[in-house]
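A.B. asks: Residue numbers (the numbering used here): 10 to 276.
Cβ coordinates follow ideal geometry from the N, Cα and C atoms, glycine included.
First, the structure itself, so that you have it in front of you.
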């Protein structure tokens, strides 16, 4: 079984929903990435989305855009991200890690090389925001050969036909974008999102997690009712951006995530 299958099977057995925090690799510092990843797990994270810093993150709002800019300015390359995951795996062999980013760094490196290096480092999946499902097959073969899951995105504007395609092809989990817009906007409509989540979960072959607009325990709990898990990104990245050093960043990560873990445990 993959780490995804093992983790979500355990969550189903325990009657819990997945908590999936997103952080940008290299922010708030190059030294903080691995300590923060461990702190997130200690606070109850079931899977970690690790952002690949990118210069044109068109799906992200200002908070994550600025985190990418800071990380790139510090030298957070793709090689740095792989090395961070490799160091994380020295203490954690169980928590799934998904790299979330954009297609350009994968194309530059080559899909086969990217997938091989990612898996060798301990990465379980990749979510490429600007990769439409119609173009996924040209990357899928290389990813499958290396054992790298391709996590797909669905949104409120996804048609029924595309939703069926995504439900059939998603690996690891299917990420539902809870509103039409960039990350970090205050536009969460839990009622509308719940209906789409119920539809997707009825057909998807993998768990369905919801992200965008989840910023605290209340919003996490509301979205967890009809999802298999919730993703929290911008609010966490904002908290980490104020850290003074790696130890402070890890402590802030624990304090931020613990109430969300408790809240979705009761969803």
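1. Starting from residue 135, follow its DSSP beta bridges and name the residues at the other end.
2. Drop a sphere of 10 angstroms on the beta-carbon of residue 204, count the other beta-carbons inside from all chains shown, and report buried for 16 or more, exposed for fewer.
3. Distance check for residue 36 and residue 321, CA to CA, integer angstroms please.
4. Looking at the structure shown, is residue 221 part of a helix, part of a strand, or coil, going by DSSP?
5. Does DSSP put residue 89 in a helix, in a strand, or in coil?
6. Pairing CB atoms from the stretch 158-176 with CB atoms from the stretch 138-146, are three or more of them under 8 Å?
7. In the stretch 226-263, which residue ranges form an unbroken alpha helix (DSSP H) of at least 4 residues, counting only runs that do not cross its ends?
8. Just mark residue 71 as buried or exposed, buried being the case when its beta carbon has 16 or more other beta carbons within 10 Å.
9. From which residue to which residue does the beta strand (DSSP E) around residue 33 run?
10. Starting from residue 128, follow the alpha helix (DSSP H) in both directions and report where the run begins and ends.
11. From residue 31 to residue 242, what distance separates their C-alpha atoms?
12. With DSSP as the reference, label residue 49 as helix, strand or coil.
13. How long is the line joining the alpha carbons of residue 54 and residue 84, rounded to whole angstroms?
14. Determine which residues share a DSSP beta bridge with residue 57 and list them.
15. DSSP on residue 266, reduced to helix/strand/coil?
16. With which residues is residue 186 paired in a DSSP beta bridge?
17. According to the neighbour-count rule (16 or more other Cβ atoms, all chains shown, within 10 Å of its Cβ), is residue 129 buried or exposed?
18. Which of the three DSSP states, helix, strand or coil, is assigned to residue 76?
19. Looking only at C-alpha atoms, which of 221, 176, 156, 209 sits nearest to residue 187?
20. Are the stretch 107-120 and the stretch 42-54 in contact at 8 Å, needing three or more beta carbon pairs?
21. Exposed or buried, residue 26, counting other C-beta atoms within 10 Å across all chains shown (16 or more means buried)?
C.D. replies: Taking the geometry as given:
1. 108, 159
2. exposed
3. Within the shown structure, residues of the chain are numbered from 10 to 276, placing residue 321 beyond reach of any answer.
4. coil
5. helix
6. yes
7. 226-233, 243-249
8. exposed
9. 27-33
10. 120-130
11. 5 Å
12. helix
13. 27 Å
14. 106
15. helix
16. 220
17. exposed
18. helix
19. 221
20. no
21. buried
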